[in-house]
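Novice:
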Amino acid sequence: MLDGNKTSLYDQIQFDSDVEKRFVENYLKEDEKILCFFKFPNKFKISLPKIIGNYNPDWGIVRMSEDGKYKLELVRETKGGRDLALLRFPNEQRKIACARKHFAELKIDYRHVDDRTPYWWESEKEFKQLRTIEDE
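Quick note on the working numbering: the sequence shown kicks off at 6 and runs consecutively.
1. Once DSSP output is grouped into helix, strand and coil, what is the label at K92?
2. For the alpha helix (DSSP H) that E25 lies in, which residues bound it at each end?
3. Three-state secondary structure (DSSP) at Y32?
4. Based on the DSSP output, what are the partners of K76 in its beta bridges?
5. Compute the beta-carbon to beta-carbon distance between N47 and L53, rounded to the nearest angstrom, for a pair I have assumed lies under 8 Å.
6. Determine the extent of the beta strand (DSSP E) in which K44 is found, giving its start and end residues.
7. Quick one: is S22 buried, meaning 16 or more other Cβ sit within 10 Å of its Cβ, or exposed?
8. Please report the straight-line C-alpha distance between K76 and F94, rounded to a whole angstrom.
9. Please classify E82: is it buried, with 16 or more other beta-carbons within 10 angstroms of its beta-carbon, or exposed?
10. Have a look at K26 and K100 and give me their C-alpha separation to the nearest angstrom.
11. According to the neighbour-count rule (16 or more other Cβ atoms, all chains shown, within 10 Å of its Cβ), is L33 buried or exposed?
Written as structure tokens, this is what we have:
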């Protein structure tokens, strides 16, 4: 458990891995634009087909946009790397693919990140555009 701060929903922050711990310490607790964040409780599940298994996302985040004009409602899934093909279990890839569609229907920005992802608050599309610009 980590101690919460003024933007964490709870006094204590649970984490399931070192990647999650570093994501909280390096990004969520340090970002001045974050209004609120929380770890989804284990009981919160998105129902998926039985063959895939139900899904429990990692983080709910409310953050001001870079220009401070509007709020971003984000769900972020933290994994040990950004390449989905390298995840340990095939069902993790399927769950993330289903979660993308689920949150898109709800108009909530969803993305999987790791503890070193720059611009972690950007949507997948915006992040890819930023990377293209930086690579030029």
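Glycine is no exception: its CB is placed at the ideal position from the N, C-alpha and C atoms. In this text the structure is predicted, and so the values were computed from the model without any measurement.
Specialist: Reading off the structure:
1. The residue given as residue 92 occupies position 87 in the sequence shown. For the sequence presented, residue 92 should be read as Leu rather than Lys. In the structure shown, L92 sits in coil (DSSP, three-state: anything other than H, G, I, E or B).
2. Counted from its first residue, the sequence shown places residue 25 at position 20. It spans D23 to F28 - the alpha helix (DSSP H) in which E25 sits, taken as one unbroken run.
3. Translated into the one-based positions of the sequence shown, residue 32 becomes position 27. Helix, per DSSP.
4. Here residue 76 corresponds to residue number 71 of the sequence shown, with the count starting at 1. M69, per the DSSP bridge assignment.
5. Indexing the sequence shown from 1 puts residue 47 at position 42. Indexing the sequence shown from 1 puts residue 53 at position 48. At roughly 16 Å, the Cβ-Cβ gap does not stay under 8 Å, so N47 and L53 are not in contact.
6. The count along the sequence shown starts at 1 and reaches residue 44 at position 39. Taken as a continuous stretch (DSSP letters only), the beta strand (DSSP E) holding K44 covers I39 to K44.
7. Taking the first residue of the sequence shown as 1, we reach residue 22 at position 17. Flag for S22 reads exposed.
8. Residue numbering aside, residue 76 sits at position 71 when the sequence shown is read from its first letter. Residue numbering aside, residue 94 sits at position 89 when the sequence shown is read from its first letter. Those two C-alpha atoms are separated by around 34 Å.
9. Translated into positions along the sequence shown, residue 82 becomes position 77. E82 comes out buried.
10. If you number the sequence shown from 1, residue 26 lands on position 21. If you number the sequence shown from 1, residue 100 lands on position 95. Their Cα atoms are separated by approximately 22 Å.
11. The sequence position of residue 33 within the sequence shown is 28, counting from 1. Buried, since its Cβ has 16 or more Cβ neighbours within 10 Å.
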